[in-house]
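Going line by line, the protein sequences match chains A and B.
With the working numbering, the residue at position 43 of the first sequence is 47, and numbering never jumps.
With the working numbering, the residue at position 53 of the second sequence is 77, and numbering never jumps.
Where a beta carbon is used, it is the ideal one built from N, C-alpha and C, also for glycine.
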Amino acid sequence: GENVEQHPSTLSVQEGDSAVIKCTYSDSASNYFPWYKQELGKGPQLIIDIRSNVGEKKDQRIAVTLNKTAKHFSLHITETQPEDSAVYFCAASIGGQFYFGTGTSLTVIP
Amino acid sequence: GAVVSQHPSRVICKSGTSVKIECRSLDFQATTMFWYRQFPKQSLMLMATSNEGSKATYEQGVEKDKFLINHASLTLSTLTVTSAHPEDSSFYICSARRPPYEQYFGPGTRLTVT
Chain A
5 GENVEQHPST
15 LSVQEGDSAV
25 IKCTYSDSAS
35 NYFPWYKQEL
45 GKGPQLIIDI
55 RSNVGEKKDQ
65 RIAVTLNKTA
75 KHFSLHITET
85 QPEDSAVYFC
95 AASIGGQFYF
105 GTGTSLTVIP
Chain B
25 GAVVSQHPSR
35 VICKSGTSVK
45 IECRSLDFQA
55 TTMFWYRQFP
65 KQSLMLMATS
75 NEGSKATYEQ
85 GVEKDKFLIN
95 HASLTLSTLT
105 VTSAHPEDSS
115 FYICSARRPP
125 YEQYFGPGTR
135 LTVT
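Listed below in structure tokens is the structure:
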């Protein structure tokens, strides 16, 4: 089955700096790659996603890039703010099934 | 984005009793819903995939007789934890798939078994 690896597990950045989280996947048939933000005690919230026929997608301060050849995708957050502090999960989807990374705990230091 | 609700948000029950958790997709129809369990500071552990009108598919190691899942309509799935024990205490999260790709999560239910 699909295997998703996510790095780093923890990340601290100064407010205003950029943060990058990377994920790799193993199955080339994966065709949908969402990113979720989970705040403490809450369910994950879909923040951005990308399909396999697209290389990059941007929504205000967040962007996702996909390299199908290398089987990796990344989340980029620019101009980080304290409210960006949360756990971020990547996922890869095949045939409607989702495989999640292990999560990155992002701390934005004011 | 789409909205998925989950009820209750928090429940405390005594050992040996059963607890039902409801998951609803509020603004879209979901033929597929998922149930996850999450331990502190860990990733999401898929328990089962629920398809409307058919039996749920459970992941290996998940007791289907203990975690009863019913997906009776396109907007409602329920998880019943039967004969709950302290080791069942956890954060349970449902999600619903909005075709063709997206998956939206509920806010989660914190179950504490005393």
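With a 10 Å radius around the Cβ and a threshold of 16 neighbouring Cβ atoms, A:Ile-113 comes out exposed. Shortest Cα-Cα distance from A:Ala-33 to any of A:Ser-89, A:Asn-7, A:Lys-41, A:Thr-82 involves A:Asn-7. At least one beta carbon of chain A lies nearer than 8 Å to the beta carbon of B:Glu-126. If you check the CB distance, B:Ser-39 and B:Pro-131 do not come in under 8 Å. For the pair B:Gln-30 and B:Thr-133, the CB atoms are nearer than the 8 Å cut-off. Here A:Pro-38 carries a strand assignment [DSSP, helix/strand/coil]. Taking the Cα positions, B:Val-43 is about 43 Å away from A:Val-58.
Per DSSP, the beta-bridge partners of A:Asp-53 are A:Pro-38. In chain order, Ser-22, Arg-65 place their CB closer than 7 Å to the CB of A:Thr-82, counting only its own chain and leaving out the 5 sequence neighbours on each side. Proximity of B:Ile-36 to chain A, defined by a Cβ-Cβ separation below 8 Å, is not satisfied. A:Asp-88 sits in a helix when the DSSP states are folded into three classes.
Nearest to B:Leu-70 by C-alpha distance, out of B:Pro-110, B:Gln-53, B:Phe-115, is B:Phe-115. Residue range 101-104 is occupied by the beta strand (DSSP E) that includes A:Phe-104. Rounded to whole angstroms, the separation of the alpha carbons of B:Ala-72 and B:Gln-84 is 9 Å.
If you draw a 10 Å sphere on the C-beta of A:Gly-107, you find 16 or more other C-beta atoms in it, and that means buried.
Residue A:Leu-79 holds the alpha-carbon nearest to the alpha-carbon of A:Glu-60 among A:Gly-105, A:Ala-90, A:Leu-79, A:Pro-48. The C-beta of B:Ala-96 has fewer than 16 other C-beta atoms within 10 Å across all chains shown, which makes the residue exposed. A:Phe-104 reaches chain B at Ser-67, Leu-68, counting residues in chain order whose Cβ is nearer than 7 Å. DSSP, read as helix, strand or coil, puts A:Asp-63 in strand.
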